[in-house]
Amino acid sequence: GRATARAIDLWEVARHLEGLFPGQSARIRNDLIILLIMNGNDYVPKVRGGNFRRLFSRYVHTKSQEEFADRFLVDGINQTFDWGFAREFFSGLSMLYRPANYHDVLKPSAASRLNEAWSQKRFPGRDPDYDLFESPKKQHWFLGTLKVGGQVFEITDDPAPSLKAAKQRLAAQALAVLCPDLLPPE
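Per full-length UniProt numbering, the very first residue in the sequence shown carries number 1; after that it's consecutive.
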């Protein structure tokens, strides 16, 4: 897909944080920096499968729990992490992602096979464009569409248990139609 960039008004962010967490916005800014680092940049890889929207949503969910309402990921006073808050925050994220497996690295995924086929011009059009989103009926399960080779492939009824699984399922659908010889053996 096409890379996008956004300009953000930091004063607007500060006002939004103050609205979400009255009286806590100054301390939450430290946590926000950690969330931005976890989102990655040119020098630091992002947390596997994470994006800022999901990280911030999980952060807000953690802060909404009574036990963590007045706690923060970064304890700015003691210059340490609040490990209880961190444990709760990350436990919610870990439910969304399957741990990495070394065997996954050794065999090309359906998505990598599809990208390879596109780079070899085995089908027309732009590079594969994924649009993945959380299922409205089943929290932490994912639906999506893939536009590639002039066609649209969808997951609409049977959500996938992770973003990666949704992407791979869509890529496998596309391979079955566009390049069936590249489907991984069962």
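Each residue gets a CB set at the ideal place from its N, CA and C atoms; glycine is no exception.
The model shown is predicted, which means the values in this text are computed figures rather than measured ones.
{"Check": "So what does DSSP say about residue 160, is it helix, strand or coil?", "Outcome": "strand"}
{"Check": "Residues in its own chain within less than 7 Å of residue 150 by CB, not counting five upstream and five downstream?", "Outcome": "124 and 125"}
{"Check": "Please classify residue 147: does DSSP put it in a helix, a strand, or coil?", "Outcome": "strand"}
{"Check": "Less than 6 Å between C-beta atoms, sequence neighbours within five positions excluded: which residues of the same chain meet that for residue 52?", "Outcome": "39"}
{"Check": "Going by the CB atoms, is the gap between residue 34 and residue 73 shorter than 7 Å?", "Outcome": "yes"}
{"Check": "Would you report the Cα separation of residue 56 and residue 64, rounded to the nearest angstrom?", "Outcome": "12 Å"}
{"Check": "With residue 129 as the anchor, note down where its beta strand (DSSP E) starts and where it stops.", "Outcome": "129-134"}
{"Check": "Using only CA atoms, which one of 147, 142, 136 and 110 lies nearest to residue 180?", "Outcome": "110"}
{"Check": "In the DSSP output, what is residue 153 paired with across the bridge?", "Outcome": "146"}
{"Check": "Is the distance from the Cβ of residue 114 to the Cβ of residue 17 below 7 Å?", "Outcome": "no"}
{"Check": "Out of curiosity, what's the CA-to-CA distance linking residue 67 and residue 20?", "Outcome": "17 Å"}
{"Check": "Is residue 82 helix, strand or coil when you go by DSSP?", "Outcome": "coil"}
{"Check": "Based on Cα-Cα distance, which residue from 60, 141, 164 and 168 lies nearest to residue 24?", "Outcome": "60"}
{"Check": "Check this for me: beta carbons of residue 161 and residue 141, under 7 Å apart or not?", "Outcome": "yes"}
{"Check": "For residue 159, does the count of other Cβ atoms within 10 angstroms reach 16, so buried, or fall short, so exposed?", "Outcome": "buried"}
{"Check": "Could you tell me which residues DSSP pairs with residue 75 in its beta bridges?", "Outcome": "80"}
{"Check": "From 78, 79 and 71, pick the residue whose C-alpha is nearest to that of residue 87; which is it?", "Outcome": "71"}
{"Check": "Within 10 angstroms of its Cβ, does residue 146 collect 16 or more other Cβ (buried), or is it exposed?", "Outcome": "buried"}
{"Check": "Please state whether the Cβ-Cβ distance between residue 166 and residue 132 is less than 7 Å.", "Outcome": "yes"}
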